[in-house]
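Protein chains in written order, with my numbering: chain A, -1 to 231; chain B, -1 to 231; chain C, -1 to 231; chain D, -1 to 231. C-beta: ideal position from N, C-alpha, C; glycine also. A short worksheet on the structure shown next.
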């Protein structure tokens, strides 16, 4: 069981360079076993080309190491904070993908400008608030998780499975390592499309609510009809 | 015959990743057999790497499935609407290529700024109007086709074989699967060039009518002299 | 002799996709044999993947075909015009590379903003004037050459071996097919850098004359000291 | 010993095309042997695909050739100037990577907008002042080093291991050839992110000082806890 968890974590981490959303060692994926309360996460500062299943570190939901020779990612407390507060997610991804990070550095959420966005995210991908000096100088990585959780107080983390941490970069999550990485890639894609839209028109067109509803709900929820899950209408 | 139709559809779908104009599963191509009134289209939500000829779904011109185990693309009603209204086309392509989608999200057509554009499109690639709530909440994919057809009431769909659906993305069409994908790629290319032109000069130079005429007509119509079709002048 | 001319032309044409400055069939290279007055040029509309030496077309300096089964590039009269007017060049390249074409569509020359530019071009890469209706409707490709020549009346075509044709795209030239393609690639590179500079600062810094002199002259002319040609100082 | 120095220099030079931060021959890396006062640097104008260890040129700290058949990079006096003035560096990299050069041409330093930047650079990557006519017309490459050194009078070259030379391009340095190239790549990456941030918001958010401190210091200095160097906290 834990071997398969480590394998899922490894496979998801290796999807990051395949999708082109990681550079150097800026990125990591974790997957949680909800029954045992164990998280399988990338070790800190290890190159993707050298990563193997035995390098994946196991920690509990408080981030304490349970198994593994290497140090877990320094972002581990952020991942664990998200698992504790978002009970229905099974995987977390963090990258510094260039367009999404551009928005995080611009201090702007990624507005929902089109159906590509609406197929994955039910509205703007939000940006967190400025962290306080105490938060940064205290348990910084934990507090990073806390500002994400705070940002979602009035938002549904299943409907908008991603966030930008201000002056930092994107996080995404999902029901599996593979799905969370796909969501992180979709976020980068819509960030790029939005960037091009801003180049052409500094005031691009927000998607209308009806179209947002239509696209998000045809892929998600009880009435979804996209893909091979049920008979198409 | 239908096998060759499925093969043409498969080959054209596989050109999308080759040209770099598709990400994830955002894209599909269909090809029509006009005599039999049968459309061969990509199944919904199937990855390009796994796509084989037997996956291609056959539907009639109203979008009803005639053959195939999988669901056809959810965009099938849009494709069929275009086939019913644009009698001289044999293939339809839909992508979310990033630059063209950027224009669709900016709410702008792609202006004709140069000869690259003029070689493929006889003027601006237009953007459709905002859809009504009824259109979106009703037969959405069919209505998407209808707003495209409406946009071409005063335009020649053979001279401008592409469109941007507002807040959504590009569609292109042509006389074969391969040619339609080439046109979709040319649209992405001119969208990228136009985006760079806007970066350098927020008010770029529209092509003059004489130059547009010259380039479009040297490749299209009775007096064309580009390529190996007739003796060059 | 003519075989080696065709081989040089073929090799230079095949460098275009290798440098990533050609898409579809938008690009061509010619090489001239000055003694015999023969130009070896790419055939019109042939894909780069299928191009072989026997496809290269030989024309005289007026563009009349001397040898070859295929039609020469429709841009042949432009190439020949440049050979007739710029006696010291041996090769001409035309592409629609995306950043340089962006400038041509913006109606702007590529300003000399840095030493990358200065290493290849002794000042701004100029853009041609708007062509008249008569020029476009007459011998268009020849007149395209003529507006380039006109633009260089007060410029040295050896010091600035490239130009942007307004609303069209770049041409470059040089002493060999390989060198001319390298120059076309350098033009695309400085166009990209300039585009990024405009994004960061709508009024980027022009290079100062002393620095332009220094960089251009350390690579060109009697006192050049870059590379392995003479002892470095 | 000198063979291993040449091998380190070769390996680092070959990382430049691998990271995609070099085009044509615009880039070079040197590595110094501090005990012997010998610098191993790329020869001038040699293509990366042809570069072998025996081509690497050895010079002393004044730039005079000690060993090697080829001319050293024309930028050698700049490298040597940095070695003489920054005693704790072992390698220097110079490229014309497109985004960082875009900033150098915009006349702007790369502002610290996020944690990607802060992980490598403790503040803005500065741009040098305009050089005087005398500096350019005199020992230009040496003076290029001097304006870099001048720019760092009030800055710590270990905390900010990179610079932009105005209207020219980036230099980076570090404790090894590999690390210096990694830093040059990180600079290009943050330049790209900053460029996208400027596209979205012409006045992007500077990182707050606390966050800059946190990220730089968790990777550098006595209390660093990133990676596998010490037990994670």
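{"Item": "Looking only at its own chain, which residues have a Cβ that is under 7 Å from the Cβ of residue 13 of chain C, when we skip the five neighbours before and after it?", "Value": "176 and 179"}
{"Item": "What residues in the stretch 91 to 110 of chain D bring their beta carbon closer than 7 Å to a beta carbon of chain C?", "Value": "94, 96, 97, 99, 100, 101, 102, 103, 104, 105 and 106"}
{"Item": "If the cut is a Cβ gap below 9 Å, which residues of chain B does residue 197 of chain C touch?", "Value": "197"}
{"Item": "Give the secondary structure of residue 53 of chain C by DSSP, where H, G and I count as helix, E and B as strand, and everything else as coil.", "Value": "helix"}
{"Item": "For residue 218 of chain B, which of B:54, B:120 and B:167 has the nearest alpha-carbon?", "Value": "B:120"}
{"Item": "For the alpha helix (DSSP H) that residue 100 of chain C lies in, which residues bound it at each end?", "Value": "96 to 104"}
{"Item": "Could you check how far apart the C-beta atoms of residue 188 of chain C and residue 115 of chain C are, in whole angstroms? I think they sit under 8 Å.", "Value": "4 Å"}
{"Item": "Would you check if the distance between the CB atom of residue 205 of chain A and the CB atom of residue 160 of chain A is smaller than 8 Å?", "Value": "no"}
{"Item": "With respect to the alpha helix (DSSP H) encompassing residue 213 of chain B, which residues constitute its N-terminal and C-terminal limits?", "Value": "207 to 217"}
{"Item": "Taking Cβ-Cβ distances shorter than 8 Å, what residues in chain A pair up with residue 181 of chain D?", "Value": "Correct list: empty, because the minimum Cβ distance to chain A is about 10 Å."}
{"Item": "Quick check on residue 162 of chain B: does DSSP put it in helix, strand or coil?", "Value": "strand"}
{"Item": "Name the residues in the stretch 27 to 53 of chain B whose C-beta lies less than 8 Å from a C-beta of chain A; which are they?", "Value": "41, 42, 43 and 44"}
{"Item": "According to DSSP, is residue 168 of chain C part of a helix, a strand, or is it coil?", "Value": "strand"}
{"Item": "Could you tell me the distance, in whole angstroms, from the CA atom of residue 15 of chain D to the CA atom of residue 22 of chain B?", "Value": "28 Å"}
{"Item": "With distances taken Cα to Cα, identify the nearest neighbour of residue 50 of chain A among A:198, A:2, A:200 and A:61.", "Value": "A:2"}
{"Item": "In whole angstroms, give me the CA-to-CA distance for residue 144 of chain C and residue 78 of chain C.", "Value": "10 Å"}
{"Item": "Using alpha carbons as the reference points, say which of A:129, A:213 and A:184 lies closest to residue 164 of chain A.", "Value": "A:129"}
{"Item": "Name the two residues that bound the continuous alpha helix (DSSP H) containing residue 38 of chain B.", "Value": "Counting along the chain, residue 38 of chain B falls outside any alpha helix (DSSP H), though it belongs to the beta strand (DSSP E) covering 36 to 39."}
{"Item": "Which of helix, strand or coil does DSSP assign to residue 20 of chain C?", "Value": "coil"}
{"Item": "From the DSSP output, in three-state form, read off residue 112 of chain A for me.", "Value": "coil"}
{"Item": "On the three-state DSSP scale, how would you describe residue 123 of chain A?", "Value": "strand"}
{"Item": "Give the residues of chain C in contact with residue 223 of chain B, contact being defined as C-beta atoms less than 9 Å apart.", "Value": "42, 69 and 72"}
{"Item": "When you check each C-beta in the stretch 156 to 173 of chain A against every C-beta of chain D, which residues fall closer than 8 Å?", "Value": "164, 165, 166 and 167"}
{"Item": "If contact means a Cβ-Cβ distance below 7 Å, which residues of the stretch 109 to 130 of chain A contact chain B?", "Value": "111, 112, 113 and 114"}
{"Item": "Any idea what DSSP makes of residue 231 of chain B, helix, strand or coil?", "Value": "Caution is warranted here: a pLDDT of 35 is assigned to residue 231 of chain B, below 50, making its placement in the model unreliable, and no coordinate value can be reported."}
{"Item": "Let's test the definition: count the other Cβ atoms within 10 Å of the Cβ of residue 170 of chain A and tell me whether it reaches 16, buried, or not, exposed.", "Value": "buried"}
{"Item": "Just checking my contact of residue 125 of chain B with residue 102 of chain B at CB under 8 Å: how many whole Å lie between their CB atoms?", "Value": "6 Å"}
{"Item": "Rounded to a whole number of angstroms, what is the C-alpha to C-alpha distance between residue 7 of chain A and residue 223 of chain A?", "Value": "30 Å"}
{"Item": "For residue 107 of chain A, which option in A:162, A:74 and A:152 has the closest C-alpha, if you only look at C-alpha atoms?", "Value": "A:162"}
{"Item": "List, in order along the chain, the chain D residues whose C-beta lies closer than 8 Å to that of residue 22 of chain A?", "Value": "180, 183, 184 and 187"}
{"Item": "Determine, using beta-carbon pairs with one atom in the stretch 182 to 197 of chain B and one in the stretch 184 to 202 of chain A, whether at least three such pairs fall under 8 Å.", "Value": "yes"}
{"Item": "So residue 31 of chain A is in the beta strand (DSSP E); what residue range does that whole segment cover?", "Value": "25 to 31"}
{"Item": "Return yes when the Cβ of residue 99 of chain C is within less than 8 Å of the Cβ of residue 168 of chain C, no when it is not.", "Value": "yes"}
{"Item": "With H, G and I counted as helix, E and B as strand and the rest as coil, what does DSSP make of residue 132 of chain C?", "Value": "helix"}
{"Item": "Does residue 177 of chain A come within less than 8 Å of chain B when only Cβ atoms are used?", "Value": "no"}
{"Item": "Using a C-beta to C-beta distance shorter than 7 Å, which residues of chain F count as neighbours of residue 81 of chain C?", "Value": "Of the protein chains in the structure, A, B, C and D, none is chain F."}
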